[in-house]
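Asks: Structure provided below as C-alpha cells; questions to follow.
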Amino acid sequence: MAVRHKYSRFILRTVCITGLTALYIINISFNDILIKKELAVSCTPVNYLAQNTAKGKEIKKPSLRYNKQIYSYYEMIQDIDSLVKAHTGKIQKRIIGKSVLGRDIPVIILGNPQAPKKIAVIGSIHGREYIGTQLIMKQMEFYLNNPMHSFNQVYIVNQLQRVCIYFIPMLNPDGVMLSQAGLNSVKNQKMKNMLLKLNKGSHNFKSWKANARGVDLNRNFNAGWKKIQYMPAGPEAYKGPYPLSEPESWAVANYISKRNFNAVLTYHSAGQVVYWYYFQKGSSYNRDRKIADAIAYTTGYKLPPKGNKVSSGGLKDWYVQNYGRPGFTIELGEGESPLPFSQFSSIWKKNRYIPLLISQQV
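Reading the sequence shown from the start, the letters are residues 1 to 362 in the UniProt record's numbering.
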C-alpha cells in the first residue's frame with residue numbers, strides 16, 4: 001500500500017505481517033533532502049506513527065564547536081558556514097545588519113519559506129549571556145541532522161514543512177567578544193579607551209552585557225522606554241539616547257517589521273524563568289499564557305508570580321506591544337553569567353524542542 005503523507009512529500013509503502021508493519025520510507029524529500037530509512041512499527045495510521053513524547057535516535061554526531069566554555073563570534077560564523085555547506089539548499093544564511101564595530105549579524109532560515117507560520121529565535125542580546133548562542137547552534141544542527149526525530153507526535157521534517165524558523169544566534173557580537181576577550185577584541189585604540197572608561201578603568205569585561213557603545217540592547221526598544229530609569233553608559237542598564245539608537249537593535253526591529261512573524265523567542269541567562277507578559281488582555285492574555293504554560297511544563301522553568309514588576313524596553317516587550325502576538329524571554333540556567341559550560345547539558349535537555357513547541361502552538 002502506498003500513502004502520500006499530507007504534510008510532506010513522503011511515499012510510504014507498508015506491508016502488515018503478524019501484527020507488525022514493515023515501513024519503508026523512500027525518497028523522503030524536504031527541500032530536496034533524500035533520506036532512506038527502514039522502520040518496524042505496529043500497524044497504526046500514518047498520522048500516529050510518532051510517539052506522544054519526543055523520541056528517536058540522533059543520526060549524526062555533532063560536528064560544530066559549541067561544546068566548550070568560550071564559543072566566540074568567529075567560531076559561530078565558521079560553524080554557520082559549515083552548516084550551510086553540509087545542508088545545501090536546506091537552510092539559508094542572510095545578514096540583517098552590522099554591529100557597532102562592524103561585525104555581521106547573521107540570521108539562519110530553517111524550514112519552509114512559504115509556510116504560513118514564522119517564528120524568530122534570538123540569542124546573545126546581552127554579551128555575557130552567550131550560552132544562548134550555543135543552545136541555538138545546537139538546536140539548528142539537531143533539527144537538520146535528525147529529520148525523523150519526533151516531538152509531540154510530529155516528525156521534525158514534517159514540522160519544518162509547516163513553519164519557517166528564523167534563528168539569530170548572536171544579536172550582540174561586540175558585547176559577546178568583550179565578555180570573552182576584553183579589549184583584545186577591539187582594534188581601534190580610541191574605542192578601547194572609551195570602553196575602558198565605560199568599564200570604570202577595569203580590564204575585566206567578563207560581566208559585560210551592553211554593546212560596544214555601552215548601551216543595554218534589551219532596554220533600547222520602544223516599549224515603556226521613557227519610563228526606564230536613566231543610568232549612564234556602561235556594562236549594563238543604559239537604555240541609550242533614544243529607542244533603537246543602536247545598529248543591533250535597529251537591525252532586528254527592522255527585520256521583524258518586514259516579516260509576518262507569529263511569535264518571537266529570546267534567550268537570556270539566568271534564572272530558569274519564562275517571561276511572557278507585557279500588558280496583554282482578554283483572548284491575547286489567555287493565548288499567550290497557554291503557550292507560556294506549555295514552555296514552563298516542558299522546560300521545568302517557572303513563570304513570574306502574579307504582581308511581579310514588569311520590565312520595559314526589551315525586545316520581547318516591544319514585539320508583544322507592537323504586534324499583539326506572543327513573545328517570550330527564557331532565562332537559561334542558574335547563577336551568574338557567563339554560565340559555566342557544565343550547565344549546558346541540562347539547558348539543552350530542557351530547551352531542545354522549544355522552538356518546535358512554539359511553532360506548534362501559534
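We put the beta carbon where it would ideally sit given N, CA and C, even for glycine.
Using 10 angstroms around the beta-carbon of residue 184, count the other beta-carbons present and answer buried if the total reaches 16, otherwise exposed.
Replies: exposed
Asks: Any chance the region 163 to 178 sits against the region 86 to 103, with 3 or more Cβ pairs inside 8 Å?
Replies: yes
Asks: Assuming residue 211 contacts residue 175 under a Cβ cut-off of 8 Å, what Cβ separation, rounded to an integer in Å, is found between them?
Replies: Separation of the CB atoms of residue 211 and residue 175 is rounded to 5 Å, and the pair is thereby assigned contact status at 8 Å.
Asks: Note down, in chain order, each residue of its chain lying with its Cβ closer than 7 Å to the Cβ of residue 52, except the 5 sequence neighbours on either side.
Replies: For residue 52, the predicted structure reports a pLDDT of 34, less than 50, and the residue's modelled location is therefore unreliable. A value from the coordinates is still provided. Correct list, in chain order: 153.
Asks: Measure from the alpha carbon of residue 134 to the alpha carbon of each residue in 68, 186 and 227, then state which is nearest.
Replies: 68
Asks: Would you grab the beta carbon distance between residue 209 and residue 87 for me? Rounded to a whole angstrom, and I think it's under 8 Å.
Replies: That pair is no contact at about 33 Å.
Asks: Residue 321 to residue 223, Cα distance in whole Å?
Replies: 7 Å
Asks: Roughly how many angstroms separate the alpha carbons of residue 308 and residue 272, rounded to a whole number?
Replies: Residue 308 and residue 272: Cα-Cα distance of roughly 15 Å.
Asks: Exposed or buried, which one is residue 63 when buried takes at least 16 other CB atoms within 10 Å?
Replies: Exposed, by the Cβ-count rule.
Asks: For the region 143 to 222, which segments carrying the alpha helix (DSSP H) assignment without a break, of at least 4 residues, lie completely within its bounds, in sequence order?
Replies: 156 to 162, 173 to 181 and 189 to 198
Asks: Quick one: is residue 295 buried, meaning 16 or more other Cβ sit within 10 Å of its Cβ, or exposed?
Replies: buried
Asks: Just the C-alpha distance for residue 358 and residue 262, rounded to the nearest angstrom, thanks.
Replies: 9 Å
Asks: Once the 5 residues before and after residue 216 are set aside, which same chain residues still bring their CB inside 7 Å of it?
Replies: Closer than 7 Å at the Cβ level, and outside the excluded window around residue 216, lie 209, 210, 236, 237, 238 and 239.
Asks: Indicate the three-state DSSP secondary structure (helix, strand or coil) for residue 353 in the structure shown.
Replies: In the structure shown, residue 353 adopts coil according to DSSP, grouped into three states.
Asks: With a threshold of 16 other CB atoms inside 10 Å of the CB of residue 182, please say whether the residue is buried or exposed.
Replies: buried
Asks: Tell me which same chain residues have a C-beta within less than 6 Å of the C-beta of residue 101, skipping the five on either side of it?
Replies: 174 and 212
Asks: From the DSSP output, read off the bridge partner residues of residue 106.
Replies: 95
Asks: Rounding to the nearest angstrom, what Cα-Cα distance links residue 128 and residue 206 in this structure?
Replies: 7 Å
Asks: Let's test the definition: count the other Cβ atoms within 10 Å of the Cβ of residue 319 and tell me whether it reaches 16, buried, or not, exposed.
Replies: buried
Asks: Determine the closest residue to residue 270 out of 151, 113 and 123, with distance taken between C-alpha atoms.
Replies: Among 151, 113 and 123, the Cα nearest to that of residue 270 is on 123.
Asks: Relative to the C-alpha of residue 130, which residue among 74, 244 and 314 is closest?
Replies: 74
Asks: Is the beta carbon of residue 160 closer than 7 Å to that of residue 111?
Replies: yes
Asks: To the nearest angstrom, report how far apart residue 204 and residue 108 are at their CA atoms.
Replies: 32 Å
Asks: Which word fits residue 297, buried or exposed, when buried means at least 16 other C-beta atoms lie within 10 angstroms of its C-beta?
Replies: exposed
Asks: Can you tell me the Cα-Cα spacing of residue 278 and residue 170, whole angstroms?
Replies: 24 Å
Asks: Can you tell me whether residue 199 is buried or exposed, with buried defined as 16 or more other CB within 10 angstroms of its CB?
Replies: buried
Asks: Can you tell me where the alpha helix (DSSP H) holding residue 284 begins and where it ends?
Replies: 282 to 299
Asks: Using 8 Å for Cβ pairs, my map puts residue 79 next to residue 137. What's the rounded Cβ distance?
Replies: 6 Å
Asks: Answer yes or no: do residue 361 and residue 291 have a C-beta to C-beta separation smaller than 7 Å?
Replies: yes
Asks: Return the bridge partner residues of residue 329 from the DSSP annotation.
Replies: 266 and 275
Asks: Measuring alpha carbon to alpha carbon, tell me which of 303, 99 and 324 ends up nearest residue 281.
Replies: 324
Asks: By how many angstroms is the C-alpha of residue 192 removed from the C-alpha of residue 265?
Replies: 33 Å
Asks: Could you have a look at residue 359 and say whether DSSP puts it in helix, strand or coil?
Replies: Note: residue 359 maps to helix in three-state DSSP.
Asks: Taking the CB atoms as reference points, tell me whether residue 303 and residue 151 lie closer together than 7 Å.
Replies: no
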